[in-house]
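For reference, the structure discussed in these notes is given below.
Residue numbers (the working numbering): 8 to 687.
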């Protein structure tokens, strides 16, 4: 046992001796070196290997503990001849840790390179060449000898500053590194690294692998595999750069994900909406200079998803995007905040009308966004969620955007139980912007729409719409005030719940009380309207609403310029009772709060008809025959047959106008009653 302990003490002593003696011996070798001679050798070898000047301006010292090392202060390495700074690298202090065993045989083998407070400029020339690609050595005429550079397997940076500068665009990115550790098994092995720092003052943590030392210095294909955490996002990128000298040939599988878009606000340079979670995965490849192909695109934002392929061309005078996309669900609430952000300028003031009478907003639309890029895209979406209980289903869209001119040549979707198709042209480059809309809707459920818009509940019915419209303006109100074209509406059976009528107020319930069969819901048989539009004024022509009890003719105008309306509703009773003659109604005033009441002229004409019927029984019989004819035909179809190409409504008297004499208007009322079963 004593012998074993004795051997153990000898072995331990030998290990201690070797551990201490070898570094001491190594230090002895280092200290025997002449700093001036070492400086000259290092500078010469650097020039031979890289063709650039290495300056060792500070003192050179030798250290023993804990590992033999050479320390050099105030070191600079020259930039490319075309560079914006004289130096590509400047370091306050470089410490070169060496392996002691090779020193005993006269070889210098670097264990680790430590750089304190380095500043490194990585930049490209206007034609895309990188300053990190070493030129031919001027004194030999041969390419830089990569093997002549001392081999080291570990590097540490502290308090480093990396500046990336794009010579073509002038854009700069600053990376502040608190600490970076890098290691490689050999000059031919990938470099493993980890770092903590900031990018343009945004904290980041990164790790991964890069190309080997030999690959970087030779300027060949540079593979990379990175994982970065910044602003709440996790980014993974794996790929390669085929032509690093020109900054070309990128091919990368990219994945970005996080919990909230708002966390990316520091990266965007402005406040972003609180939306999320989000995830983006895509394969990006550079097909040619500044032209990128996006494959297997998959975006998820909140409740929305989008996939497809695209091409992004950054080589022209403006970016251009083309692609085909599909979506299971797109929720406009997920994207509306980005549209509201505009093009990054100061946030616009909240939309205000300036007058409570108006509800069409007078806020500028972001037309300038359409002039920032060109596009040619197709989108198919199973569902586009507009708001609660309202969505576009089975949507298909094809659009092109060229120099501010948007052309949606094909659009189709299911909306509110019906089918909507159309096209839209929008010229954002015009002054003011111009719009053309073609729209056709079949079996469009207006009841579903007014319910979804929180206007009313208890309305059912569907209509067909055919619209051809054009307008100019920079805001919705300006567009409305210049609207031109035609709108045609036809509809079949519908219903308005009695409880809804009762909640609308005494004015309306009194008006429509004679239009119902008994005290039940207001049941609609059909609806038609032909509405020419000129300079923001909608004129109702051949407009009818047929119910179980009456047929109501509607004439008048809706003026979008000042958001007022002036409508006359003339009901024609379907029963032979004199009391069934309903009272004409006038609706006028601001769209936001119109007035409803009996029409003075229409009431007088109705009284004249009653007087005529009492005086002449033949007139009564004729009226009954007219009502019978109206009841036996589809009044909407009859109105369409009789509708003139275009009519102008006569000036209507205000509510306060005194009614004309019943006797004076009796004959006129009878003639109008016979000429027009609607009593207009």
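Here a beta-carbon is modelled for each residue, glycine too, at the ideal position from N, C-alpha and C.
- Judged by DSSP in its simplified three-state form, residue 377 adopts helix.
- If you draw a straight line from the Cα of residue 278 to the Cα of residue 481, it comes to about 26 Å.
- For residue 186, the enclosing beta strand (DSSP E) stretches over residues 179-190.
- In chain order, 248, 293 place their CB closer than 6 Å to the CB of residue 257, counting only its own chain and leaving out the 5 sequence neighbours on each side.
- C-alpha of residue 140 to C-alpha of residue 59: approximately 11 Å in a straight line.
- Less than 7 Å divides the Cβ of residue 315 from the Cβ of residue 332.
- Note on residue 602: under 16 other CB atoms within 10 angstroms of its CB, so exposed under the neighbour-count rule.
- Here residue 572 is near residue 565, since their CB atoms are less than 7 Å apart.
- Per DSSP, the continuous alpha helix (DSSP H) segment holding residue 52 begins and ends at 42-57.
- From the listed residues 67, 86, 91, 90, the smallest Cα separation to residue 80 is found for 67.
- Excluding its 5 nearest sequence neighbours in each direction, residue 385 has C-beta neighbours in its own chain below 6 Å: 331, 405, listed in chain order.
- Listed as beta-bridge partners of residue 127 by DSSP are 96, 169.
- Here DSSP, grouped into helix, strand and coil, assigns residue 271 to helix.
- Proximity to residue 472 across 490, 466, 207, 445 peaks at 445, based on C-alpha coordinates.
- DSSP places residue 222 within a helical segment (H, G or I) once states are collapsed to three.
- For residue 210, the enclosing beta strand (DSSP E) begins and ends at 209-217.
- Counting the other Cβ atoms within 10 Å of the Cβ of residue 211 gives 16 or more, which makes it buried.
- Non-local beta-carbon contacts of residue 430 in its own chain, meaning distances under 7 Å to residues more than five positions away in sequence, involve 415, 416, 417, 418, 445 in chain order.
- Pairing residue 563 with residue 496, the inter-Cα distance amounts to about 16 Å.
- Distances from the alpha-carbon of residue 204 to those of 173, 238, 216 put 238 closest.
- Remark: C-beta atoms of residue 182 and residue 162 do not approach each other more closely than 7 Å.
- In the DSSP annotation of this structure, residue 501 is not part of any alpha helix (DSSP H); the continuous beta strand (DSSP E) holding it starts and ends at 491-503.
- In the structure shown, the three-state DSSP call for residue 194 is coil.
- The region 220-235 makes contact with the region 185-202, as at least three CB pairs between them are under 8 Å.
- Here residue 294 carries a strand assignment [DSSP, helix/strand/coil].
- Taking C-beta atoms as the reference points, residue 305 and residue 288 count as a pair closer than 7 Å.
- Put simply, the backbone Cα of residue 285 is about 7 Å away from that of residue 267.
- The beta carbons of residue 164 and residue 184 sit closer together than 7 Å.
- With respect to residue 456, residue 393 sits apart: the two C-beta atoms are not nearer than 7 Å.
- With respect to the C-alpha of residue 118, the residue from 274, 62, 76 having the closest C-alpha is 76.
- Counting only runs of 4 or more residues that sit fully inside the region 420-474, the alpha helix (DSSP H) segments are 453-459, in chain order.
- Relative to residue 253, the option among 470, 474, 129, 469 whose CA is nearest is 129.
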